[in-house]
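What follows is a single structure, written as structure tokens, with notes after it.
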Amino acid sequence: MIKCEDATRLASDRLDRKLSMREGLALRLHLLGCDGCTQFSRQMIAIRRISRTYVETDGRSRED
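What follows is the structure, encoded as structure tokens:
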């Protein structure tokens with residue numbers, strides 16, 4: 583099983599690239615047993631979603 587440090591790195595990496603099957607499985611197994619890393623992963627996804635929404639909104643407002 584991977585350590586939290588590795589899990590948070592993989593959780594961040596998966597936002598920018600497709601994880602290998604091994605990395606994805608290791609991350610999933612870790613997240614099943616670690617509430618802290620699960621929360622971190624969810625927060626990273628939320629931040630990504632919010633920042634994309636902000637960029638899209640910001641781009642539209644400049645054109646108006």
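Those letters in the sequence shown? Residues 583 to 646, per our numbering, in order.
Just so you know, even glycine gets a beta-carbon here, dropped at the ideal spot from N, CA and C.
Using the Cα positions of residue i and residue j, report the straight-line distance between them to the nearest angstrom.
i    : j    : result
I627 : M583 : 23 Å
S623 : T590 : 7 Å
C586 : V637 : 31 Å
S633 : T620 : 20 Å
G618 : R599 : 22 Å
Could you pull out every residue in the same chain whose Cβ sits closer than 8 Å to the Cβ of residue i, ignoring the five residues on either side in sequence?
i    : result
L601 : L592, D595, L609
T635 : none
Kindly indicate which residue of the options has the alpha-carbon position closest to the one of residue i.
i    : options          : result
D588 : R634, H612, L597 : H612
Report the CB separation of residue i from residue j in whole angstroms; it is logged as a contact under 8 Å.
i    : j    : result
L597 : R630 : 5 Å
Please state whether DSSP places residue i in a helix, a strand or coil.
i    : result
I584 : coil
L609 : helix
CB-CB under 7 Å to residue i, same chain, minus the five flanking residues each way: which ones, in chain order?
i    : result
E605 : L592
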